[in-house]
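**Q** In the working numbering, the protein residues as written are 5 to 751. Every residue, glycine too, gets a C-beta built ideally from N, C-alpha and C. Keep in mind that this is a model prediction, so the values were computed, not measured. Structure in C-alpha cells, see below.
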C-alpha cells in the first residue's frame with residue numbers, strides 16, 4: 005500500500021504538483037485517471053499539471069465522454085487559462101453526452117486567441133482612466149475587482165497574472181508608494197441631524213461645473229469665456245462626430261462614434277454630428293447615409309448641424325483675423341506654397357497691407373478672382389518645428405455649388421480653419437480626434453487664441469486599422485468609382501454599409517477593441533443571435549437504398565445548441581427521405597484514420613437524423629467523377645460513427661431542395677497593409693468573392709427576409725442579401741466559424 009502511495013506521489017510530482025495532493029482519495033483517483041487519459045504519465049509542465057488538477061476536481065459529470073477531447077487541447081496548452089477552462093466546462097456541461105462540434109467548442113473556449121501585452125496595457129489604461137477620480141480619492145482602498153471585471157469583459161482570454169501585474173504597475177504609477185493611511189479602515193462618520201425647519205440647498209461651484217475635470221484642459225480660457233461656456237453645457241460633456249460627407253463611413257468611423265458618443269453618454273452629456281466644407285467631394289447621398297448609419301449604429305445625435313450652417317460666421321471671423329494682422333491673401337500656386345513651406349520660406353505676399361488683403365478677400369467672395377489664383381492663409385509661424393504651423397490655408401476659391409448652400413458661396417473654409425471654430429461655437433468640451441491630428445493641436449489653439457474664442461480640450465486616440473483592407477476614403481472612392489467592387493456597400497469593404505450587408509451587427513462593431521479582433525467579436529455576437537440551419541454548398545447526392553422512395557419523415561433540428569425539448573420555438577422541421585445531399589468534399593474514395601467524412605464501407609451520422617453507411621459509389625461517364633452515393637441507414641441508431649455531417653434532403657420524390665445563391669467573401673487585399681503600396685490596386689485578391697449559384701438549403705429558410713442572420717452548420721455565419729428575390733434567396737457569408745476554417749467549410 006505504501007508503495008502505491010509513493011508511486012502516486014511520484015506521478016503527481018512529475019506533473020508539477022506536490023505530495024499533499026494525495027490526501028483526498030477521491031481527488032487522487034480522479035487525477036490519476038486524468039493523467040493517464042492525457043498520456044502524460046512521464047511528466048509535463050507545471051502549467052499543464054495545474055489545469056489537469058482542475059479537470060480532475062471540477063469536470064462536469066454529465067460530459068465525461070468529452071473529457072479525452074478536452075485533454076487533447078490542454079496538454080499542448082491550446083487551453084491554458086482558468087477562463088478558458090471555465091468556458092470549456094460550461095460548454096461541455098451544457099452539451100452533456102451529445103456529439104461535440106469541435107469548431108463550436110474551440111470558439112466557445114477562445115482556442116487560438118492570444119491577447120498581447122499591448123492589448124492588456126491599453127485596456128488597463130482605459131479602465132483606470134474611467135475610474136481615475138475614484139482611484140485618486142480612495143487610493144489603494146479602491147476595489148480592484150471592479151477593474152478586473154471590466155478587463156475580463158473586454159478580453160476574456162487574457163492571462164490574469166499579466167492583467168494583475170499591469171494593473172498593479174498602473175496604480176503604482178498613478179498613486180506612488182503605499183502609505184500607512186492606505187491600510188487604515190475608513191472611519192464612518194455619523195450623519196449630523198439638522199432641525200426639521202432647515203432646508204439644504206445644493207450649490208454648484210464653478211469647479212464642479214468645470215468640464216475639464218475629466219482631462220486637463222487648455223489654460224487660455226478666461227474666466228468670462230468659461231462661465232459663458234458653462235451656462236450652455238451646465239458642466240456636461242459636449243463632443244462632436246464630424247465625418248466629412250465625401251464617402252461612406254468605414255469601420256474607423258465606428259471607433260470615432262464609440263469614443264465621441266460613448267464619452268458624452270457616460271458623462272451625461274451630448275454629441276453633435278456635423279461637417280461639410282468641401283463642395284468638390286461632398287454629396288447629399290453621403291450626407292443622408294451618414295445620418296442613417298449613425299442611427300443604425302445605435303447612436304442618437306444631440307443635434308445634426310453642418311459647417312455650412314456657419315459659413316457667414318466663419319467668413320466674418322476670417323475678416324476679423326485679417327484685421328488683427330493674423331491672415332493675408334496669397335497668390336502662390338499650390339505647388340509654390342508646398343515648396344515655400346518645405347523650405348520655411350515666407351510668401352512674398354505675407355506682409356501685404358491689411359486693407360489690401362481685406363479688399364482681395366472680398367473680391368474672392370464676390371467671384372472676381374479666378375479659382376486657384378488666390379487663397380487666404382493664416383499668418384502663423386513659418387519657423388516653427390511643427391509643419392502644421394506653416395501658414396495654413398483658411399479659405400480657397402471653389403466655383404462649385406455646395407450640396408446644401410447651392411451657389412451662394414464661391415469661397416469655402418478649409419478643415420484646419422473651420423474645425424476648431426465650429427467646436428468653439430457649439431461649446432464642445434472635448435474635441436476628440438485620431439493621433440495623426442496630434443500635430444494640428446498647435447494650429448487649433450493658435451487660431452482660437454487669435455480670434456479670442458473659447459478653447460475646448462483636444463484629446464487624441466489611436467485610429468482603427470484593419471489588416472488586408474484600406475481605410476482611406478480616397479482609395480475607397482477609387483475602388484467604387486472604377487468598379488473594382490460592387491459599390492460602397494460591397495460586403496468585402498470595411499465600410500459600415502458593407503459590413504451591415506455582410507451580416508455584421510452594430511452590436512458586434514461597437515464591441516470591437518482592436519482591428520485584428522474584428523472577426524472574433526462578430527462571431528461572439530452572431531453565436532448568440534444567429535439560429536442554426538443546414539445548407540449544402542456543393543451537393544453530392546446520397547440515395548438510401550433501404551428506405552422507400554415514398555417515405556417522408558420529419559425530424560427536429562436544433563436552432564440553438566442548448567435547445568430544450570419543451571421549447572418548440574428552438575427547433576425547426578427537416579424532411580428525411582431516401583435522397584439526401586451532403587457536401588461533395590465530405591466524401592472520399594479512400595479512407596484514412598484522421599478523416600471523419602464518408603467513404604466506401606464507412607459510416608457517418610447525418611446530424612439530427614441517422615447513421616448511414618456507404619455501400620456503393622456511382623461514377624459519371626468519365627469514370628472518375630463521383631455522380632452519387634448509395635448507402636444504407638441504421639434506423640435503430642446502434643451504429644456510433646465518429647463523423648457528423650450536415651445534409652439537405654429532397655422534400656418529396658423527384659423534387660430538388662430549396663435552391664439558394666451563396667456568396668463567399670474573403671479579404672479584399674492580399675497584403676496586410678495595402679495602403680502602404682504605391683499601386684494598391686495591384687494587390688487586390690482575385691479570390692475575394694466566390695459566388696455559388698446553386699446551393700441546396702433546408703426548406704425552413706424559404707421565408708427568410710433581407711438582413712436575417714443564420715449559422716449554416718459547419719460552414720459559417722450568413723445573412724440574407726438585398727439582391728434576394730421571391731425566385732431565389734441570396735446569402736452572404738459574414739464570417740467563417742473560426743479563423744482556420746477552409747473555404748470549402750469541411751476541414
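Are at least three pairs of beta-carbons, each pair with one atom in the stretch 409-421 and one in the stretch 235-245, less than 8 Å apart?
**A** Judged by Cβ distances under 8 Å, the stretch 409-421 makes no contact with the stretch 235-245, as fewer than three pairs qualify.
**Q** Assuming residue 326 and residue 365 make a contact with CB atoms under 8 Å, what is their CB distance in whole Å?
**A** Between residue 365 and residue 326 the Cβ distance is about 6 Å, and since that is below 8 Å, they are a contact.
**Q** Three-state secondary structure (DSSP) at residue 594?
**A** Note: residue 594 maps to coil in three-state DSSP.
**Q** Kindly give me the distance between the Cβ atoms of residue 131 and residue 168, rounded to whole angstroms, as I take these residues to be in contact under 8 Å.
**A** Wrong, their Cβ atoms sit about 13 Å apart, outside the cutoff.
**Q** Contact check, residue 738 vs residue 508 under 8 Å by CB: the rounded distance?
**A** The pair is a contact, with the Cβ atoms about 6 Å apart (cut-off 8 Å).
**Q** Spatial neighbours of residue 259 within its chain, please: C-beta separation below 6 Å, excluding the five flanking residues on both sides.
**A** So the list reads 468, once near-sequence residues are dropped.
**Q** Using the C-alpha atoms, what's the distance from residue 176 back to residue 511?
**A** Those two C-alpha atoms are separated by around 35 Å.
**Q** How long is the line joining the alpha carbons of residue 3 and residue 324, rounded to whole angstroms?
**A** Nothing can be reported for residue 3, as the shown portion of the chain is limited to 5 through 751.
**Q** I need the straight-line Cα distance from residue 503 to residue 495, nearest angstrom please.
**A** Straight-line Cα distance between these residues: approximately 6 Å.
**Q** Relative to the alpha-carbon of residue 443, which residue among 425, 408, 454 and 394 has its alpha-carbon at the smallest distance?
**A** It is 394.
**Q** Check whether the stretch 96-105 touches the stretch 62-81, counting contact only when three or more Cβ pairs, one atom from each stretch, lie closer than 8 Å.
**A** Contact between the stretch 96-105 and the stretch 62-81 is present, because at least three Cβ pairs lie under 8 Å.
**Q** Out of 405, 408, 334 and 358, which one is the CA nearest neighbour of residue 376?
**A** Selected option, being the one with the closest Cα: 334.
**Q** I believe residue 472 touches residue 671 by the beta-carbon criterion, under 8 Å. Please report the beta-carbon distance rounded to the nearest angstrom.
**A** The Cβ separation is near 4 Å, so the contact holds.
**Q** With DSSP as the reference, label residue 430 as helix, strand or coil.
**A** Of the three classes helix, strand and coil, the one that applies to residue 430 here is coil, per DSSP.
**Q** With the cut-off set at 8 Å, would you say residue 74 and residue 56 are in Cβ contact?
**A** In this structure, residue 56 does not lie closer than 8 Å to residue 74 by Cβ.
**Q** Of all the beta strand (DSSP E) runs that stay within the bounds of the stretch 395-480, which reach a length of 3 or more residues?
**A** As far as the stretch 395-480 is concerned, its whole beta strand (DSSP E) runs of at least 3 residues are 397-401, 415-417, 434-438 and 461-465.
**Q** For a test of the three-state rule: what should DSSP assign to residue 48, helix, strand or coil?
**A** Coil.
**Q** For residue 563, which residues of its own chain have a beta-carbon under 7 Å away from its beta-carbon, when the five flanking residues on both sides are left out?
**A** Taken in chain order, the residues that qualify are 535, 536, 574, 575 and 576.
**Q** Does DSSP put residue 209 in a helix, in a strand, or in coil?
**A** Residue confidence for residue 209 is low, a pLDDT of 36 falling below 50, so the modelled location carries little weight; the figure read from the coordinates is stated next. Of the three classes helix, strand and coil, the one that applies to residue 209 here is coil, per DSSP.
**Q** Starting from residue 502, follow the alpha helix (DSSP H) in both directions and report where the run begins and ends.
**A** Its alpha helix (DSSP H) spans residues 500-506.
**Q** From 662, 651 and 44, pick the residue whose C-alpha is nearest to that of residue 613; which is it?
**A** Looking at the Cα atoms, 651 is the closest of the given residues.
**Q** Is it buried or exposed for residue 94, if we count other Cβ within 10 angstroms and need 16 for buried?
**A** The residue in question, residue 94, is exposed, as its Cβ has fewer than 16 Cβ neighbours within 10 Å.
**Q** When burial is assigned at 16 or more other CB atoms within 10 Å of the CB, is residue 622 buried or exposed?
**A** Exposed: under 16 other Cβ atoms inside 10 Å.
**Q** So, residue 546 versus residue 513, is the Cβ gap smaller than 8 Å?
**A** The answer is no: Cβ separation not under 8 Å.
**Q** Quick one: residues in its chain with C-beta nearer than 6 Å to the C-beta of residue 698, no 5 flanking neighbours on either side, listed in chain order?
**A** For residue 698, where only same-chain residues beyond five positions count, the Cβ hits under 6 Å are 663.
**Q** Candidates 383, 501, 387 and 609: which alpha carbon is nearest residue 361's?
**A** Closest option to residue 361, Cα to Cα, is 383.
**Q** Determine the direct distance from the alpha carbon of residue 140 to that of residue 268, and round the result to whole angstroms.
**A** Approximately 22 Å, taken between the alpha carbons.
**Q** Spatial neighbours of residue 160 within its chain, please: C-beta separation below 8 Å, excluding the five flanking residues on both sides.
**A** Excluding residues within five positions, the ones whose Cβ falls inside 8 Å are 87, 91 and 114.
**Q** Quick check: what's the CA-CA separation for residue 60 versus residue 680?
**A** Looking at the two C-alpha atoms, the distance is approximately 52 Å.
**Q** Pull up the distance between the alpha-carbon of residue 475 and that of residue 70, whole angstroms please.
**A** Rounded to whole angstroms, residue 475 to residue 70 spans 44 Å at the Cα level.
**Q** What are the partner residues of residue 577, as DSSP defines its beta bridges?
**A** For residue 577, which the question treats as bridged, DSSP gives the partners 560.
**Q** So, is residue 372 buried or exposed, given that buried needs 16 or more other C-beta atoms within 10 angstroms?
**A** Exposed is the call here.
**Q** Do you know whose CA, among 369, 116 and 79, lies nearest residue 523's CA?
**A** Checked all of 369, 116 and 79; the closest Cα to residue 523 is 116.
**Q** Of the residues 448, 560 and 549, which one's Cα is nearest the Cα of residue 390?
**A** Looking at the Cα atoms, 448 is the closest of the given residues.
**Q** When you compare the CB positions of residue 673 and residue 687, do they come within less than 8 Å of one another, or not?
**A** Result yes, Cβ atoms of residue 673 and residue 687 sit closer than 8 Å.
**Q** Excluding sequence positions up to five away, which residues of its chain have a Cβ less than 8 Å from the Cβ of residue 811?
**A** With the chain covering only 5 through 751, there is no way to say anything about residue 811.
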